[in-house]
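A short worksheet on the structure shown next.
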Amino acid sequence: MRPLTEDETKIMFEKLSKYDKILKLATNFSRDKLISIGTCFGKFTKTQKFRLHITALDFLAPYAKFKVWVKPGAEQSFLYGNHVLKSGLGRITENTMQYQGVVVYSMADVPLGFGVAAKSTQECRRVDPMSIVVFHQADVGEFIRNEDTLT
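Everything in the sequence shown is counted per numbering that gives the first Met the number 0, starting at 0 for the first residue and increasing by one.
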């Protein structure tokens, strides 16, 4: 992701300040009774790595520096939690490096989820069609697959 400009930073903090009242009201509850306030962007794992949640997609997608578009036939596969293969790759942002975080889009520019580039843009051009080009991290289908455990 790219750094925010001065104007974007100002807009973001103005928006966050509107939720200050809700945050103050939440202090009436003990921490063990309160699940969350606002939009969950992610969580830290036991090994202190940060994992993005799919709920952050609407906020991060417009600012994504590296994007991948999948073909219509590969959309469903990605939404079921599978990696993106070269055969399902529609387009990829130029100069995407290997292991770079990417936002996965449909060909109609609808954000579908997050992933990590398994290959750089140059490597994607010459790999075989069954090679993985994007590792799946999160997708909008998680709402349906995990609706019993979502809190």
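Glycine included, every Cβ here is placed at the ideal spot set by N, Cα and C.
May I ask you to verify whether the region 130-143 touches the region 71-80, counting CB pairs closer than 8 Å and requiring at least 3? yes
Taking Val133 as the reference, which of Asn27, Val115, Asp31 has the closest Cα? Val115
Distance, Cα to Cα, Asp31 vs Arg124? 51 Å
Answer yes or no: do Ser119 and Val69 have a C-beta to C-beta separation smaller than 8 Å? no
Give me the DSSP bridge partner(s) of Val133. Val83, Ala116
Spatial neighbours of Ala55 in its chain, beta-carbon cut-off 8 Å, leaving aside the 5 residues before and after: Thr38, Cys39, Phe40, Gly41
Own chain, CB closer than 8 Å to Thr148, minus 5 neighbours either side, in chain order: none
Around the Cβ of Gly72, are there at least 16 other Cβ atoms within 10 angstroms (buried) or fewer (exposed)? exposed
Tell me, which residues are paired with Phe49 by DSSP? Phe43
Cα-Cα separation between Pro128 and Leu59, rounded to whole angstroms: 29 Å
Take Gln97 and list the residues in its own chain whose beta-carbon comes closer than 8 Å to its own, dropping the five residues that flank it on each side. Ala116, Ala117, Lys118, Ser119, Glu122
Compute the beta-carbon to beta-carbon distance between Val109 and Ile91, rounded to the nearest angstrom, for a pair I have assumed lies under 8 Å. Not a contact, Cβ separation roughly 17 Å.
Looking at the structure shown, is Lys14 part of a helix, part of a strand, or coil, going by DSSP? helix
So the candidates are Leu88, Phe113, Gln47; which of them puts its Cα closest to the Cα of Gly100? Phe113
Under the three-state reduction of DSSP, which class applies to Tyr104: helix, strand or coil? strand
Between Ile131 and Leu88, is the Cβ-Cβ spacing less than 8 Å? no
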